[in-house]
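Student: Residue numbers (the working numbering): 75 to 284.
From the three backbone atoms N, C-alpha and C, an ideal C-beta is built for every residue, glycine too.
All figures in this text were calculated on a predicted structure; none of them were measured in a lab.
Dropping a structure here in structure tokens format, bear with me for questions.
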């Protein structure tokens, strides 16, 4: 007689545990953008503001390729410096502006102000411009627009606005004005008219010494 074996009941398979999904972590860049304030752009100085001569405007070049900065130019001046800005050397409007400053150079410097042209042109382009127009003052080259941007005459995304900026030896802003060739010269004429001449200043010093 054949003996029947009992079949073992199948072992039930383990039921996999359901994993709960964790909430996604916030992205680090999202936290950064929301929590950290963006650094504001440097404030453009206005008339009667006093600037930090040591750092203002960074470094730029003369048309002869010499590195310089505002502090050095102020030290070399008698009473302050004037920068007239122009978009591009040897173009009609910029030539007119440069020649107006040339023709009025003696009067504009009578109170001890030093005159400089300022643009984003290369030293070579500005030297050609200076030579052709027989300009009696240096032309400053600021291709990275550090000084041009600091005085508020940088176009976005690039380029230079026509204007004029003046500052005395102590860093006090005397003039900051955008305008055409004639307007920029007239603006400097006004501050010269209201300032004592170099000769008058010398006489006052002599009188005080007596």
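1. Classify residue 230: buried if its beta carbon has 16 or more other beta carbons within 10 angstroms, exposed otherwise.
2. Give me whichever residues DSSP pairs with residue 167 in a beta bridge.
3. Thinking C-alpha only, which one of 239, 128, 135 and 220 is nearest residue 188?
4. Between the alpha carbons of residue 195 and residue 267, how many angstroms are there, rounded?
5. Beta carbon of residue 226, beta carbon of residue 206: below 8 Å?
6. Does the contact criterion of 3 or more C-beta pairs under 8 Å hold for the stretch 254-268 versus the stretch 166-173?
7. Can you tell me the Cα-Cα spacing of residue 181 and residue 216, whole angstroms?
8. Suppose you measure from the CA of residue 193 to the CA of residue 200; what does that come to, to the nearest Å?
9. Between the C-alpha atoms of residue 237 and residue 243, what's the straight-line distance to the nearest angstrom?
10. Smallest Cα separation from residue 129: which of 220, 209, 259 and 177?
11. Would you mind sorting residue 121 into buried or exposed? The rule is 16 or more other CB atoms within 10 Å of its CB.
12. Rounded to the nearest angstrom, what separates residue 124 and residue 163 at their Cα positions?
13. Count the other C-beta atoms from every protein chain shown that fall within 10 angstroms of the C-beta of residue 212, then say buried if there are 16 or more, exposed otherwise.
14. On the three-state DSSP scale, how would you describe residue 219?
15. Return the chain-ordered list of same chain residues with a C-beta closer than 6 Å to the C-beta of residue 139, the five sequence neighbours on each side being excluded.
16. Is it true that the CB of residue 186 sits closer than 8 Å to the CB of residue 248?
17. Nearest to residue 235 by alpha carbon, out of 224, 134 and 241?
18. Whole angstroms is fine: what's the gap from residue 245's alpha carbon to residue 127's?
19. Could you name the residues of the same chain whose beta carbon sits closer than 6 Å to that of residue 204, not counting the 5 residues immediately before and after it, in chain order?
20. According to DSSP, residue 155 sits in a beta bridge with which residue or residues?
21. My assumption, with CB atoms under 8 Å, is that residue 259 sits in contact with residue 178. Please give the rounded CB distance.
Tutor: For this structure:
1. For the purposes of this step, residue 230 is taken as residue 156 along the chain shown, with counting starting at 1. Result: exposed.
2. On the chain shown, residue 167 is found 93 positions in, with the first residue counted as 1. Residue 167 pairs with nothing; no bridge assigned.
3. As a working note, residue 188 is residue 114 in the chain shown. The shortest C-alpha separation from residue 188 is found at 239.
4. Against the chain shown, residue 195 aligns to sequence position 121. Against the chain shown, residue 267 aligns to sequence position 193. Cα to Cα, residue 195 sits roughly 31 Å from residue 267.
5. As a working note, residue 226 is residue 152 in the chain shown. As a working note, residue 206 is residue 132 in the chain shown. The answer is no: Cβ separation not under 8 Å.
6. yes
7. Residue numbering aside, residue 181 sits at position 107 when the chain shown is read from its first letter. Residue numbering aside, residue 216 sits at position 142 when the chain shown is read from its first letter. Cα to Cα, residue 181 sits roughly 27 Å from residue 216.
8. For the purposes of this step, residue 193 is taken as residue 119 along the chain shown, with counting starting at 1. For the purposes of this step, residue 200 is taken as residue 126 along the chain shown, with counting starting at 1. One C-alpha to the other measures close to 9 Å.
9. Working through the chain shown from its first residue, we reach residue 237 at position 163. Working through the chain shown from its first residue, we reach residue 243 at position 169. Distance between the alpha carbons of residue 237 and residue 243: 20 Å.
10. Along the chain shown, read from residue 1 onward, the residue named residue 129 stands at position 55. Per the Cα distances, 220.
11. Translated into the one-based positions of the chain shown, residue 121 becomes position 47. Exposed is the call here.
12. The residue given as residue 124 occupies position 50 in the chain shown. The residue given as residue 163 occupies position 89 in the chain shown. When rounded, the distance between both Cα atoms is 30 Å.
13. For the purposes of this step, residue 212 is taken as the residue at position 138 of the chain shown. Buried.
14. For this step, residue 219 is matched to residue 145 along the chain shown. Here residue 219 sits in coil by DSSP.
15. Sequence index remark: in the chain shown, residue 139 carries index 65 (1-based). Only 197 meet the Cβ criterion.
16. For the purposes of this step, residue 248 is taken as the residue at position 174 of the chain shown. For the purposes of this step, residue 186 is taken as the residue at position 112 of the chain shown. No, Cβ-Cβ distance for residue 248 and residue 186 is not below 8 Å.
17. Within the chain shown, the letter at position 161 stands for residue 235. The residue with the shortest Cα to Cα distance from residue 235 is 224.
18. Translated into positions along the chain shown, residue 245 becomes position 171. Translated into positions along the chain shown, residue 127 becomes position 53. Taking the straight line joining both Cα atoms gives about 6 Å.
19. As a working mapping, residue 204 is identified with position 130 in the chain shown. Answer for residue 204: 137 and 213, listed in chain order.
20. Locating residue 155 in the chain shown gives position 81, where the first residue counts as 1. Answer by DSSP bridge pairing, in chain order: 188 and 241.
21. As a working note, residue 259 is residue 185 in the chain shown. As a working note, residue 178 is residue 104 in the chain shown. About 6 Å; that satisfies the 8 Å criterion.
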